[in-house]
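Working notes, beginning with the structure itself.
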Amino acid sequence: MNCALCKANLTNGKVNHIVDLGERIIIVKNVPASVCKQCGEYFVDTDTALKLEAIVEEAKKNKAEVLIVRYNDMVA
Ligand SMILES: [Zn+2]
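Take a look at the structure:
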């Protein structure tokens, strides 16, 4: 699989996924992703994307302005 932006090779790694909701920011740490070493872009698979969506929905119930959660804690 190659990067959709710069066509470089992607490597498996972990990223911090940041969701900017405007007034609030949710940071999901250690998300498994395919990472582009050239431009820094990353891509998650469909399964991971669905889990991230669920994590963000859950995190929205928390009123903190900045919320940091670990991916592994949330999908366990
Ligand atoms: Zn790239």
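Numbering (numbering that gives the first Met the number 0), first residue to last: 0 to 75.
Every residue gets a Cβ at the ideal spot worked out from N, C-alpha and C, and that includes glycine.
For clarity, every value in this text was computed on a predicted model and none was experimentally measured.
With 16 other Cβ atoms within 10 Å as the buried cut-off, status of residue i
i: cysteine 38; result: exposed
i: cysteine 5; result: exposed
i: valine 27; result: buried
Identity of the residues DSSP links to residue i by a beta bridge
i: aspartate 19; result: Ile24
i: threonine 10; result: Val34
i: asparagine 1; result: Asn8
i: valine 68; result: Val27
Integer-rounded CB distance, given that residue j should sit under 8 Å from residue i
i: valine 55; j: valine 14; result: With 8 Å as the limit, valine 55 and valine 14 do not qualify as a contact, their Cβ atoms being about 15 Å apart.
Span separating the alpha-carbon of residue i from that of residue j
i: leucine 49; j: alanine 63; result: 23 Å
i: cysteine 35; j: aspartate 46; result: 19 Å
i: glutamate 77; j: valine 65; result: No answer is possible for residue 77: it lies beyond the span of the chain, which begins at 0 and ends at 75.
Contact test: residue i Cβ vs ligand 1 heavy atom, cutoff 7 Å
i: threonine 22; result: The identity of residue 22 in the sequence shown is glutamate, whereas the question assumes threonine. Because no heavy atom of ligand 1 lies under 7 Å away, the Cβ of glutamate 22 does not count as near it: no.
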